[in-house]
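Here is the structure we will look at.
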Amino acid sequence: MTIQSSIMSMAVFLALLPMPSQAFTLSVPIGGKQNHQSLRSSPSSYTFSSFPGSNLNASFSNIRTLSPPVFTSAKAKAAVQLPVPIWSRGSNSKLYAHYDMNDDVGKNDSNSSSNSIIEPTPTREPEDTDVRQQRVKAWNPILDPVYVILGFLGIGALFIPTGWKLRQISDNVKEYGLQYDGPDEDFDDDGSPCAIGVANEGRKCQISFNVTEEMEAPIMVYYEIENFHQNHRIYSVSRDSAQLLGSLKQDRRIAKLCDPLNKLGDVIINPCGLIANTFFNDVFKIDLEFTNGNIEMIEDGIAWQSDLEYKFNQVDGYQEKICGDTCDDEACDCDIVDDDGKGAWSCKEPWFDEKENKCYLFSYPNDENTQYLYETYPDTISPREGVTNEHFVNWMRIASMPKFRKLYGVINTDLRVNDKLTFDVTANWEVQSFKGKKTLVITTASPFGGRNIQFGNSFLGVGSICVIAAAFFALKHLIKPRRLADKKFLKYNREDSNGNRPKME
2 MTIQSSIMSM AVFLALLPMP SQAFTLSVPI GGKQNHQSLR SSPSSYTFSS
52 FPGSNLNASF SNIRTLSPPV FTSAKAKAAV QLPVPIWSRG SNSKLYAHYD
102 MNDDVGKNDS NSSSNSIIEP TPTREPEDTD VRQQRVKAWN PILDPVYVIL
152 GFLGIGALFI PTGWKLRQIS DNVKEYGLQY DGPDEDFDDD GSPCAIGVAN
202 EGRKCQISFN VTEEMEAPIM VYYEIENFHQ NHRIYSVSRD SAQLLGSLKQ
252 DRRIAKLCDP LNKLGDVIIN PCGLIANTFF NDVFKIDLEF TNGNIEMIED
302 GIAWQSDLEY KFNQVDGYQE KICGDTCDDE ACDCDIVDDD GKGAWSCKEP
352 WFDEKENKCY LFSYPNDENT QYLYETYPDT ISPREGVTNE HFVNWMRIAS
402 MPKFRKLYGV INTDLRVNDK LTFDVTANWE VQSFKGKKTL VITTASPFGG
452 RNIQFGNSFL GVGSICVIAA AFFALKHLIK PRRLADKKFL KYNREDSNGN
502 RPKME
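Pasting the structure below:
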(Lines of atoms letter the chains of each structure in order from A and count residues from 1; the text may use other names and numbers.)
(Lines give C-alpha, C1' and ligand atoms only; values in the text may rest on other atoms or scores of the structure.)
Protein backbone atom coordinates (compact mmCIF):
# COMPACT_ATOMS: atom_id res chain seq x y z
CA MET A 1 0.00 0.00 0.00
CA THR A 2 1.44 3.38 -0.99
CA ILE A 3 1.20 6.50 1.06
CA GLN A 4 -1.21 7.92 -1.50
CA SER A 5 -3.69 5.08 -1.05
CA SER A 6 -3.37 5.35 2.74
CA ILE A 7 -4.16 9.05 2.70
CA MET A 8 -7.08 8.50 0.31
CA SER A 9 -8.46 5.86 2.66
CA MET A 10 -8.19 8.32 5.48
CA ALA A 11 -10.22 10.90 3.52
CA VAL A 12 -12.99 8.41 2.70
CA PHE A 13 -13.47 7.28 6.27
CA LEU A 14 -13.29 10.85 7.57
CA ALA A 15 -16.46 11.62 5.64
CA LEU A 16 -18.38 8.40 6.34
CA LEU A 17 -17.48 6.55 9.53
CA PRO A 18 -17.93 8.14 12.97
CA MET A 19 -16.17 5.88 15.50
CA PRO A 20 -15.29 5.88 19.21
CA SER A 21 -12.48 8.17 20.22
CA GLN A 22 -9.00 6.60 19.96
CA ALA A 23 -5.38 7.67 19.49
CA PHE A 24 -4.34 8.75 15.99
CA THR A 25 -1.76 6.44 14.48
CA LEU A 26 -0.98 5.86 10.81
CA SER A 27 1.43 3.13 9.74
CA VAL A 28 2.69 3.22 6.14
CA PRO A 29 5.95 2.14 4.52
CA ILE A 30 8.67 4.69 3.81
CA GLY A 31 10.67 4.90 0.67
CA GLY A 32 10.29 5.90 -2.94
CA LYS A 33 8.59 9.03 -4.24
CA GLN A 34 5.90 10.33 -1.89
CA ASN A 35 2.59 11.53 -3.33
CA HIS A 36 0.73 14.28 -1.49
CA GLN A 37 -2.96 15.04 -1.58
CA SER A 38 -5.20 17.54 0.21
CA LEU A 39 -7.81 15.89 2.37
CA ARG A 40 -10.98 17.71 3.35
CA SER A 41 -13.82 16.62 5.62
CA SER A 42 -17.14 18.19 6.45
CA PRO A 43 -17.14 20.37 9.60
CA SER A 44 -18.24 17.62 11.98
CA SER A 45 -16.69 15.49 14.70
CA TYR A 46 -15.31 12.12 13.59
CA THR A 47 -13.42 9.37 15.39
CA PHE A 48 -11.93 6.23 13.96
CA SER A 49 -10.53 2.91 15.14
CA SER A 50 -9.31 -0.19 13.40
CA PHE A 51 -11.50 -1.42 10.59
CA PRO A 52 -11.18 -4.54 8.39
CA GLY A 53 -8.59 -4.44 5.66
CA SER A 54 -7.00 -1.18 6.74
CA ASN A 55 -3.95 -0.12 8.65
CA LEU A 56 -5.46 3.24 9.76
CA ASN A 57 -6.28 4.07 13.34
CA ALA A 58 -7.24 7.73 13.91
CA SER A 59 -9.03 9.93 16.38
CA PHE A 60 -10.15 13.48 15.49
CA SER A 61 -12.30 15.98 17.34
CA ASN A 62 -14.29 18.61 15.43
CA ILE A 63 -12.09 18.39 12.34
CA ARG A 64 -12.69 20.85 9.48
CA THR A 65 -9.78 20.60 7.09
CA LEU A 66 -6.71 18.40 6.80
CA SER A 67 -3.76 19.78 4.85
CA PRO A 68 -1.31 17.40 3.17
CA PRO A 69 1.50 16.17 5.43
CA VAL A 70 4.91 17.76 5.11
CA PHE A 71 7.31 14.90 4.45
CA THR A 72 10.91 15.13 5.48
CA SER A 73 13.71 12.89 4.37
CA ALA A 74 13.56 9.46 6.00
CA LYS A 75 15.28 6.14 5.50
CA ALA A 76 13.40 2.94 4.87
CA LYS A 77 12.47 0.83 7.87
CA ALA A 78 12.85 3.83 10.14
CA ALA A 79 10.08 5.30 12.26
CA VAL A 80 9.66 9.04 11.75
CA GLN A 81 7.15 11.57 12.94
CA LEU A 82 5.61 13.92 10.38
CA PRO A 83 3.39 16.86 11.45
CA VAL A 84 0.06 17.21 9.72
CA PRO A 85 -1.84 20.51 10.23
CA ILE A 86 -5.38 19.88 11.43
CA TRP A 87 -7.74 22.88 11.44
CA SER A 88 -9.99 23.02 14.45
CA ARG A 89 -13.49 24.22 13.62
CA GLY A 90 -14.57 27.49 15.22
CA SER A 91 -11.08 28.54 16.29
CA ASN A 92 -8.02 30.19 14.87
CA SER A 93 -5.67 27.52 16.28
CA LYS A 94 -3.79 25.01 14.19
CA LEU A 95 -3.27 21.61 15.86
CA TYR A 96 -0.65 19.15 14.78
CA ALA A 97 -1.01 15.36 14.90
CA HIS A 98 1.84 13.01 14.14
CA TYR A 99 2.11 10.19 11.70
CA ASP A 100 4.08 7.20 12.89
CA MET A 101 5.48 5.66 9.70
CA ASN A 102 6.98 2.18 9.92
CA ASP A 103 8.12 -0.36 7.44
CA ASP A 104 5.60 -2.99 8.63
CA VAL A 105 2.37 -2.47 6.73
CA GLY A 106 -0.73 -2.95 8.85
CA LYS A 107 1.03 -2.43 12.14
CA ASN A 108 -1.03 -0.22 14.49
CA ASP A 109 0.57 1.02 17.65
CA SER A 110 -2.09 2.77 19.71
CA ASN A 111 0.37 3.32 22.57
CA SER A 112 2.97 5.13 20.45
CA SER A 113 4.42 8.28 21.86
CA SER A 114 3.89 9.92 18.49
CA ASN A 115 0.18 10.26 19.21
CA SER A 116 0.58 13.54 21.10
CA ILE A 117 -0.90 16.79 19.85
CA ILE A 118 1.42 19.76 19.65
CA GLU A 119 0.59 23.18 21.12
CA PRO A 120 -1.58 25.49 18.95
CA THR A 121 0.08 27.93 16.54
CA PRO A 122 -1.48 30.95 14.78
CA THR A 123 -3.36 30.42 11.53
CA ARG A 124 -4.31 32.66 8.63
CA GLU A 125 -7.42 30.71 7.72
CA PRO A 126 -10.34 33.03 6.83
CA GLU A 127 -13.37 32.90 9.09
CA ASP A 128 -16.12 30.48 8.21
CA THR A 129 -18.57 33.09 6.87
CA ASP A 130 -20.30 33.41 3.53
CA VAL A 131 -18.36 36.54 2.67
CA ARG A 132 -14.92 35.24 3.67
CA GLN A 133 -15.49 31.85 2.08
CA GLN A 134 -17.06 33.33 -1.08
CA ARG A 135 -20.41 31.65 -0.65
CA VAL A 136 -22.54 34.79 -1.01
CA LYS A 137 -25.52 34.24 -3.26
CA ALA A 138 -25.29 36.04 -6.61
CA TRP A 139 -27.75 36.98 -9.31
CA ASN A 140 -26.65 36.25 -12.86
CA PRO A 141 -29.20 37.78 -15.22
CA ILE A 142 -29.89 36.15 -18.57
CA LEU A 143 -29.98 38.62 -21.46
CA ASP A 144 -33.46 37.77 -22.63
CA PRO A 145 -34.35 39.76 -25.81
CA VAL A 146 -37.38 41.36 -24.17
CA TYR A 147 -35.35 42.57 -21.18
CA VAL A 148 -32.63 43.93 -23.48
CA ILE A 149 -35.17 45.88 -25.51
CA LEU A 150 -36.81 47.28 -22.37
CA GLY A 151 -33.38 48.21 -20.97
CA PHE A 152 -32.45 50.19 -24.08
CA LEU A 153 -35.84 51.90 -24.06
CA GLY A 154 -35.43 52.81 -20.39
CA ILE A 155 -32.03 54.39 -20.99
CA GLY A 156 -33.38 56.31 -23.96
CA ALA A 157 -36.41 57.47 -22.00
CA LEU A 158 -34.10 58.79 -19.26
CA PHE A 159 -31.34 60.33 -21.35
CA ILE A 160 -33.32 62.11 -24.07
CA PRO A 161 -35.40 64.34 -21.72
CA THR A 162 -32.30 64.98 -19.61
CA GLY A 163 -30.32 66.03 -22.68
CA TRP A 164 -33.14 68.25 -23.88
CA LYS A 165 -33.30 69.99 -20.48
CA LEU A 166 -29.53 70.48 -20.40
CA ARG A 167 -29.62 71.99 -23.88
CA GLN A 168 -32.39 74.33 -22.77
CA ILE A 169 -30.35 75.44 -19.73
CA SER A 170 -27.29 76.00 -21.93
CA ASP A 171 -29.27 77.99 -24.49
CA ASN A 172 -30.54 80.30 -21.74
CA VAL A 173 -26.96 81.39 -21.02
CA LYS A 174 -26.28 84.74 -22.70
CA GLU A 175 -22.74 85.14 -23.92
CA TYR A 176 -20.77 87.75 -25.88
CA GLY A 177 -17.15 87.47 -26.93
CA LEU A 178 -14.79 89.76 -28.83
CA GLN A 179 -11.31 88.78 -30.00
CA TYR A 180 -8.91 91.69 -29.58
CA ASP A 181 -5.55 90.18 -30.50
CA GLY A 182 -4.29 87.33 -32.64
CA PRO A 183 -3.22 86.50 -36.20
CA ASP A 184 -3.67 89.28 -38.74
CA GLU A 185 -6.02 87.19 -40.89
CA ASP A 186 -8.60 87.26 -38.08
CA PHE A 187 -9.09 91.02 -38.53
CA ASP A 188 -9.79 93.42 -41.37
CA ASP A 189 -7.15 95.41 -43.18
CA ASP A 190 -6.77 97.87 -40.31
CA GLY A 191 -6.10 95.09 -37.82
CA SER A 192 -7.01 95.18 -34.13
CA PRO A 193 -6.28 98.37 -32.19
CA CYS A 194 -5.33 96.17 -29.20
CA ALA A 195 -2.84 93.93 -31.03
CA ILE A 196 0.77 94.08 -29.80
CA GLY A 197 3.98 92.52 -31.03
CA VAL A 198 6.15 93.11 -27.97
CA ALA A 199 5.53 91.97 -24.40
CA ASN A 200 4.60 94.65 -21.84
CA GLU A 201 3.95 97.18 -24.58
CA GLY A 202 1.13 98.78 -22.58
CA ARG A 203 -1.04 99.66 -25.58
CA LYS A 204 -4.33 101.37 -24.69
CA CYS A 205 -7.51 100.45 -26.51
CA GLN A 206 -11.23 99.91 -25.95
CA ILE A 207 -13.58 96.95 -26.39
CA SER A 208 -17.36 97.57 -26.56
CA PHE A 209 -20.26 95.14 -26.31
CA ASN A 210 -23.75 96.02 -27.54
CA VAL A 211 -26.24 93.99 -25.51
CA THR A 212 -29.03 92.54 -27.66
CA GLU A 213 -30.51 90.23 -25.00
CA GLU A 214 -31.17 90.91 -21.36
CA MET A 215 -28.43 89.61 -19.08
CA GLU A 216 -29.18 89.00 -15.42
CA ALA A 217 -26.52 89.37 -12.76
CA PRO A 218 -24.11 87.94 -11.89
CA ILE A 219 -22.33 88.52 -15.21
CA MET A 220 -18.91 86.90 -15.50
CA VAL A 221 -16.01 88.58 -17.25
CA TYR A 222 -13.45 86.14 -18.67
CA TYR A 223 -10.34 86.40 -20.75
CA GLU A 224 -9.95 83.54 -23.21
CA ILE A 225 -6.62 82.38 -24.60
CA GLU A 226 -6.17 80.03 -27.52
CA ASN A 227 -3.15 77.94 -28.58
CA PHE A 228 -1.32 78.28 -25.26
CA HIS A 229 -0.42 74.92 -23.67
CA GLN A 230 -0.36 75.39 -19.92
CA ASN A 231 -0.61 71.61 -19.55
CA HIS A 232 2.82 70.97 -21.08
CA ARG A 233 4.75 69.01 -18.47
CA ILE A 234 7.85 71.20 -18.44
CA TYR A 235 5.64 74.25 -18.02
CA SER A 236 3.28 72.76 -15.42
CA VAL A 237 6.04 71.62 -13.02
CA SER A 238 8.06 74.83 -13.29
CA ARG A 239 7.07 76.31 -9.93
CA ASP A 240 8.11 76.36 -6.28
CA SER A 241 5.11 75.65 -4.06
CA ALA A 242 7.04 76.38 -0.87
CA GLN A 243 8.10 79.74 -2.26
CA LEU A 244 4.48 80.57 -3.09
CA LEU A 245 3.64 79.86 0.55
CA GLY A 246 6.21 82.43 1.68
CA SER A 247 9.35 80.37 2.21
CA LEU A 248 12.70 82.04 1.45
CA LYS A 249 14.56 78.71 1.26
CA GLN A 250 14.75 76.75 -1.95
CA ASP A 251 15.59 73.12 -2.59
CA ARG A 252 18.14 72.39 -5.33
CA ARG A 253 15.77 70.06 -7.13
CA ILE A 254 13.04 72.70 -7.19
CA ALA A 255 15.54 75.33 -8.32
CA LYS A 256 16.36 73.10 -11.29
CA LEU A 257 12.67 72.80 -12.18
CA CYS A 258 12.37 76.60 -12.15
CA ASP A 259 15.25 77.10 -14.59
CA PRO A 260 15.78 79.22 -16.61
CA LEU A 261 13.55 81.62 -14.66
CA ASN A 262 15.06 81.10 -11.23
CA LYS A 263 17.77 83.76 -11.28
CA LEU A 264 18.70 86.74 -13.44
CA GLY A 265 22.43 86.92 -12.84
CA ASP A 266 22.76 87.39 -9.09
CA VAL A 267 19.14 88.47 -8.65
CA ILE A 268 16.72 85.85 -7.31
CA ILE A 269 13.28 85.73 -8.96
CA ASN A 270 10.52 85.26 -6.39
CA PRO A 271 8.31 83.47 -7.32
CA CYS A 272 10.36 81.48 -9.80
CA GLY A 273 9.31 79.29 -12.71
CA LEU A 274 7.62 79.50 -16.08
CA ILE A 275 4.02 79.71 -14.81
CA ALA A 276 4.54 82.64 -12.48
CA ASN A 277 6.67 84.58 -14.95
CA THR A 278 4.30 84.23 -17.90
CA PHE A 279 1.40 85.71 -15.91
CA PHE A 280 -1.41 87.18 -18.01
CA ASN A 281 -1.06 90.88 -17.26
CA ASP A 282 -3.55 92.58 -19.59
CA VAL A 283 -5.70 95.01 -17.60
CA PHE A 284 -9.45 95.55 -18.09
CA LYS A 285 -11.43 98.43 -16.60
CA ILE A 286 -15.03 99.44 -17.28
CA ASP A 287 -15.25 102.86 -18.94
CA LEU A 288 -18.24 104.54 -17.29
CA GLU A 289 -18.24 107.35 -19.84
CA PHE A 290 -19.24 104.94 -22.58
CA THR A 291 -21.42 102.63 -20.47
CA ASN A 292 -25.12 103.08 -19.83
CA GLY A 293 -25.71 103.29 -16.10
CA ASN A 294 -23.37 102.93 -13.14
CA ILE A 295 -21.70 99.54 -13.59
CA GLU A 296 -18.85 98.19 -11.48
CA MET A 297 -16.67 95.12 -12.05
CA ILE A 298 -15.66 93.34 -8.85
CA GLU A 299 -12.25 91.66 -8.94
CA ASP A 300 -12.34 90.14 -5.43
CA GLY A 301 -13.63 86.65 -4.65
CA ILE A 302 -12.75 85.30 -8.10
CA ALA A 303 -10.19 82.71 -6.91
CA TRP A 304 -10.74 79.45 -5.07
CA GLN A 305 -10.82 80.06 -1.34
CA SER A 306 -8.86 76.88 -0.71
CA ASP A 307 -6.05 78.18 -2.93
CA LEU A 308 -5.90 81.45 -1.03
CA GLU A 309 -5.82 79.70 2.34
CA TYR A 310 -3.48 76.78 1.68
CA LYS A 311 -1.34 77.52 -1.40
CA PHE A 312 -0.43 81.21 -1.42
CA ASN A 313 0.90 83.53 1.25
CA GLN A 314 2.98 86.68 1.51
CA VAL A 315 6.71 86.13 1.82
CA ASP A 316 8.06 85.44 5.30
CA GLY A 317 9.35 88.65 6.84
CA TYR A 318 7.06 91.00 4.92
CA GLN A 319 6.02 94.09 6.94
CA GLU A 320 3.70 97.02 6.26
CA LYS A 321 2.41 100.09 8.05
CA ILE A 322 -0.31 102.68 7.39
CA CYS A 323 1.40 106.04 7.22
CA GLY A 324 -1.54 108.28 6.36
CA ASP A 325 -4.61 108.93 4.26
CA THR A 326 -2.41 110.26 1.47
CA CYS A 327 1.14 109.48 0.46
CA ASP A 328 2.07 113.18 0.73
CA ASP A 329 2.29 112.99 4.52
CA GLU A 330 5.75 113.38 5.99
CA ALA A 331 5.36 110.04 7.73
CA CYS A 332 5.05 108.31 4.36
CA ASP A 333 8.76 108.34 3.62
CA CYS A 334 10.44 105.07 2.66
CA ASP A 335 13.84 106.51 3.66
CA ILE A 336 12.97 106.68 7.35
CA VAL A 337 15.69 105.02 9.43
CA ASP A 338 15.34 103.13 12.69
CA ASP A 339 17.29 103.63 15.92
CA ASP A 340 20.24 101.67 14.52
CA GLY A 341 20.51 103.99 11.56
CA LYS A 342 19.23 101.36 9.12
CA GLY A 343 16.36 101.80 6.72
CA ALA A 344 13.17 100.50 8.23
CA TRP A 345 11.40 100.02 4.88
CA SER A 346 12.57 98.49 1.62
CA CYS A 347 10.06 100.37 -0.56
CA LYS A 348 11.30 102.98 -3.00
CA GLU A 349 8.01 104.85 -2.70
CA PRO A 350 4.88 104.26 -0.56
CA TRP A 351 1.87 102.42 -1.91
CA PHE A 352 -1.59 104.02 -2.03
CA ASP A 353 -4.43 101.50 -1.72
CA GLU A 354 -7.39 102.83 -3.73
CA LYS A 355 -9.80 100.39 -2.08
CA GLU A 356 -9.02 101.56 1.44
CA ASN A 357 -7.88 105.11 0.59
CA LYS A 358 -4.81 104.60 2.76
CA CYS A 359 -1.09 104.96 2.11
CA TYR A 360 1.25 102.17 3.18
CA LEU A 361 4.93 101.76 3.86
CA PHE A 362 6.15 98.22 3.26
CA SER A 363 9.26 96.13 3.46
CA TYR A 364 10.32 92.87 1.77
CA PRO A 365 13.21 90.75 3.10
CA ASN A 366 16.41 90.56 1.02
CA ASP A 367 14.95 93.12 -1.35
CA GLU A 368 18.39 94.23 -2.57
CA ASN A 369 19.06 90.91 -4.34
CA THR A 370 15.52 89.64 -4.96
CA GLN A 371 12.94 90.59 -7.58
CA TYR A 372 9.45 90.08 -6.19
CA LEU A 373 6.20 89.67 -8.10
CA TYR A 374 5.06 93.28 -7.64
CA GLU A 375 8.33 94.40 -9.27
CA THR A 376 7.89 92.02 -12.21
CA TYR A 377 4.28 93.14 -12.84
CA PRO A 378 3.97 96.63 -11.35
CA ASP A 379 0.77 97.50 -13.30
CA THR A 380 -1.10 94.39 -12.13
CA ILE A 381 0.25 93.24 -8.75
CA SER A 382 0.28 95.48 -5.70
CA PRO A 383 3.11 95.12 -3.15
CA ARG A 384 0.56 94.50 -0.40
CA GLU A 385 -0.93 91.49 -2.22
CA GLY A 386 2.08 89.89 -3.85
CA VAL A 387 1.36 86.26 -4.74
CA THR A 388 -2.05 86.45 -3.05
CA ASN A 389 -3.41 88.59 -5.90
CA GLU A 390 -6.48 86.70 -7.11
CA HIS A 391 -5.71 87.20 -10.82
CA PHE A 392 -2.32 85.62 -10.19
CA VAL A 393 -3.86 82.77 -8.15
CA ASN A 394 -6.25 81.99 -11.01
CA TRP A 395 -3.38 81.97 -13.48
CA MET A 396 -1.37 79.54 -11.36
CA ARG A 397 -4.22 77.00 -11.56
CA ILE A 398 -3.13 75.61 -14.91
CA ALA A 399 -5.62 74.76 -17.67
CA SER A 400 -5.92 71.29 -19.19
CA MET A 401 -6.60 72.41 -22.78
CA PRO A 402 -4.79 74.83 -25.12
CA LYS A 403 -7.96 76.93 -25.36
CA PHE A 404 -9.15 78.06 -21.95
CA ARG A 405 -10.85 80.82 -20.00
CA LYS A 406 -10.00 82.35 -16.66
CA LEU A 407 -12.27 84.53 -14.57
CA TYR A 408 -11.24 88.19 -14.43
CA GLY A 409 -14.17 89.83 -12.66
CA VAL A 410 -17.90 89.82 -11.86
CA ILE A 411 -20.56 92.40 -12.65
CA ASN A 412 -23.46 92.41 -10.20
CA THR A 413 -25.70 94.68 -12.30
CA ASP A 414 -28.30 93.50 -14.82
CA LEU A 415 -27.74 94.54 -18.42
CA ARG A 416 -30.78 95.50 -20.46
CA VAL A 417 -31.35 95.30 -24.18
CA ASN A 418 -29.47 98.04 -26.11
CA ASP A 419 -27.09 98.67 -23.20
CA LYS A 420 -23.48 99.33 -24.17
CA LEU A 421 -20.63 97.94 -22.12
CA THR A 422 -17.15 99.37 -22.81
CA PHE A 423 -13.83 98.19 -21.38
CA ASP A 424 -10.57 100.11 -21.32
CA VAL A 425 -7.82 97.62 -22.15
CA THR A 426 -4.12 97.86 -21.41
CA ALA A 427 -2.51 95.20 -23.63
CA ASN A 428 0.71 93.73 -22.23
CA TRP A 429 0.50 89.99 -22.90
CA GLU A 430 1.92 89.16 -26.33
CA VAL A 431 0.49 86.28 -28.42
CA GLN A 432 1.90 86.88 -31.93
CA SER A 433 5.01 84.77 -31.26
CA PHE A 434 3.03 81.52 -30.75
CA LYS A 435 0.07 82.35 -33.04
CA GLY A 436 -2.28 82.65 -30.10
CA LYS A 437 -5.52 84.54 -29.67
CA LYS A 438 -6.95 86.72 -26.90
CA THR A 439 -10.68 87.21 -26.43
CA LEU A 440 -12.69 89.10 -23.84
CA VAL A 441 -15.93 87.31 -22.89
CA ILE A 442 -18.95 88.41 -20.85
CA THR A 443 -21.50 85.75 -19.99
CA THR A 444 -24.20 84.78 -17.56
CA ALA A 445 -23.99 81.50 -15.67
CA SER A 446 -26.08 78.40 -15.10
CA PRO A 447 -25.98 75.72 -12.38
CA PHE A 448 -23.54 73.87 -14.67
CA GLY A 449 -21.33 76.87 -15.38
CA GLY A 450 -21.19 78.70 -18.68
CA ARG A 451 -22.62 77.74 -22.05
CA ASN A 452 -21.91 74.09 -22.80
CA ILE A 453 -23.87 72.66 -25.73
CA GLN A 454 -21.83 69.44 -25.84
CA PHE A 455 -23.02 68.40 -22.39
CA GLY A 456 -26.66 68.20 -23.44
CA ASN A 457 -25.79 66.80 -26.88
CA SER A 458 -23.96 63.88 -25.31
CA PHE A 459 -27.10 62.85 -23.39
CA LEU A 460 -29.23 63.26 -26.52
CA GLY A 461 -26.78 61.19 -28.57
CA VAL A 462 -26.62 58.28 -26.11
CA GLY A 463 -30.40 58.29 -25.63
CA SER A 464 -31.05 58.33 -29.39
CA ILE A 465 -28.64 55.44 -30.00
CA CYS A 466 -30.35 53.38 -27.29
CA VAL A 467 -33.82 54.01 -28.77
CA ILE A 468 -32.60 53.04 -32.26
CA ALA A 469 -31.02 49.87 -30.86
CA ALA A 470 -34.25 49.01 -29.02
CA ALA A 471 -36.26 49.47 -32.23
CA PHE A 472 -33.84 47.30 -34.20
CA PHE A 473 -33.90 44.45 -31.67
CA ALA A 474 -37.69 44.69 -31.35
CA LEU A 475 -38.14 44.28 -35.12
CA LYS A 476 -35.71 41.40 -35.15
CA HIS A 477 -37.55 39.71 -32.30
CA LEU A 478 -40.94 40.17 -33.96
CA ILE A 479 -39.91 39.16 -37.48
CA LYS A 480 -37.51 36.34 -36.72
CA PRO A 481 -37.55 35.42 -33.04
CA ARG A 482 -35.05 33.04 -31.51
CA ARG A 483 -35.90 30.70 -28.68
CA LEU A 484 -33.63 31.13 -25.68
CA ALA A 485 -31.00 28.36 -25.34
CA ASP A 486 -31.98 26.66 -28.59
CA LYS A 487 -29.82 23.53 -28.98
CA LYS A 488 -29.71 23.81 -32.75
CA PHE A 489 -27.21 26.62 -32.40
CA LEU A 490 -24.75 24.38 -30.54
CA LYS A 491 -22.15 23.52 -33.18
CA TYR A 492 -19.35 21.99 -31.17
CA ASN A 493 -20.51 18.35 -31.64
CA ARG A 494 -22.74 18.35 -34.71
CA GLU A 495 -22.43 15.84 -37.56
CA ASP A 496 -21.24 17.09 -40.92
CA SER A 497 -22.83 16.19 -44.27
CA ASN A 498 -21.05 12.80 -44.20
CA GLY A 499 -22.34 11.91 -40.77
CA ASN A 500 -18.99 12.44 -39.08
CA ARG A 501 -18.53 14.29 -35.78
CA PRO A 502 -15.52 16.54 -35.17
CA LYS A 503 -12.79 15.08 -33.00
CA MET A 504 -12.34 16.65 -29.61
CA GLU A 505 -8.73 17.63 -29.01
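The working numbering numbers the first residue of the sequence shown as 2 and each following residue consecutively. All C-beta atoms, glycine included, are put in the ideal place defined by N, C-alpha and C.
Residue i and residue j closer than 8 Å at C-beta
i: SER459; j: ILE170; result: no
i: ILE226; j: LYS481; result: no
i: GLU300; j: GLU391; result: yes
i: PRO272; j: ASP308; result: no
i: ASP415; j: GLU217; result: yes
i: TRP396; j: LYS404; result: no
i: ILE270; j: GLN372; result: yes
i: LEU245; j: VAL388; result: yes
i: MET298; j: GLY450; result: no
i: TYR223; j: VAL394; result: no
i: ASN1; j: ALA400; result: Residue 1 is absent from the structure shown; the chain starts at 2 and stops at 506.
i: LYS359; j: ILE323; result: yes
i: GLY437; j: GLY203; result: no
i: LEU461; j: GLY164; result: yes
i: ARG168; j: GLY464; result: no
i: GLY318; j: PRO366; result: yes
i: THR445; j: VAL174; result: yes
i: TYR236; j: ILE208; result: no
i: ILE469; j: ILE296; result: no
i: GLY247; j: ASN201; result: no
Collapsed DSSP secondary structure at residue i in the structure displayed
i: GLN180; result: strand
i: ILE197; result: coil
i: THR163; result: helix
i: ASN458; result: helix
i: SER346; result: Residue identity check: residue 346 is Trp in the sequence provided, not Ser. TRP346: coil per DSSP, three-state reduction.
i: GLY450; result: strand
i: LYS481; result: coil
i: LYS489; result: helix
i: ASN501; result: coil
i: SER171; result: helix
i: LYS250; result: coil
i: SER209; result: strand
i: LEU262; result: coil
i: TYR375; result: helix
i: VAL268; result: strand
i: ARG204; result: strand
i: VAL238; result: coil
i: VAL132; result: coil
i: ILE226; result: strand
i: ILE220; result: strand
Rounded separation between residue i and residue j - CA only
i: ASP187; j: LYS349; result: 43 Å
i: GLN180; j: ASP329; result: 41 Å
i: GLU128; j: GLN134; result: 7 Å
i: SER239; j: GLN433; result: 23 Å
i: ASP487; j: PRO146; result: 14 Å
i: LEU362; j: TYR375; result: 14 Å
i: CYS335; j: SER364; result: 9 Å
i: ASP288; j: ALA158; result: 50 Å
i: GLN455; j: ASP172; result: 11 Å
i: ILE382; j: ASP191; result: 33 Å
i: VAL137; j: ASP131; result: 5 Å
i: VAL316; j: LEU249; result: 7 Å
i: PRO351; j: ASP368; result: 15 Å
i: PHE153; j: PHE229; result: 42 Å
i: ALA345; j: LYS286; result: 35 Å
i: PRO379; j: PHE210; result: 29 Å
i: TYR311; j: ARG234; result: 23 Å
i: GLY266; j: GLY274; result: 15 Å
i: ASN453; j: ILE220; result: 16 Å
i: CYS333; j: CYS259; result: 36 Å
i: GLY1; j: ALA139; result: What the structure shows of the chain is the stretch from 2 to 506, and residue 1 is not part of that stretch, so it cannot be assessed.
i: CYS206; j: ASP283; result: 11 Å
i: LEU485; j: ILE161; result: 31 Å
i: HIS478; j: ASN141; result: 23 Å
i: LYS257; j: VAL268; result: 16 Å
i: LYS489; j: ARG125; result: 49 Å
i: ASP326; j: ALA243; result: 35 Å
Any non-hydrogen atom of the ligand MG closer than 7 Å to residue i Cβ
i: LEU144; result: For the structure depicted, the ligand MG is absent and the ligand set is empty, with no information on it obtainable.
Determine, using beta-carbon pairs with one atom in the segment 424-442 and one in the segment 189-204, whether at least three such pairs fall under 8 Å. Look at the beta carbons and you see the segment 424-442 touching the segment 189-204: at least three pairs across the two are nearer than 8 Å.
Which parts of the segment 421-445 are runs of the beta strand (DSSP E), unbroken and 3 residues or longer, counting only runs that do not cross its ends? Those beta strand (DSSP E) runs which fall completely within the segment 421-445 and span 3+ residues are 421-428, 438-444.
For the segment 289-302 against the segment 407-422, do three or more pairs of beta-carbon atoms, one drawn from each stretch, fall closer than 8 Å, so that the two count as touching? The segment 289-302 makes contact with the segment 407-422; the number of CB pairs closer than 8 Å reaches 3 or more.
Entirely enclosed alpha helix (DSSP H) segments - the segment 278-365, minimum 4 residues: Annotation: the segment 278-365 contains the following complete segments of the alpha helix (DSSP H) (minimum length 4 residues), in chain order: 306-311.
Hey, which unbroken runs of the alpha helix (DSSP H) at 4 residues or more fall wholly within the segment 389-423? Those alpha helix (DSSP H) runs which fall completely within the segment 389-423 and span 4+ residues are 391-397.
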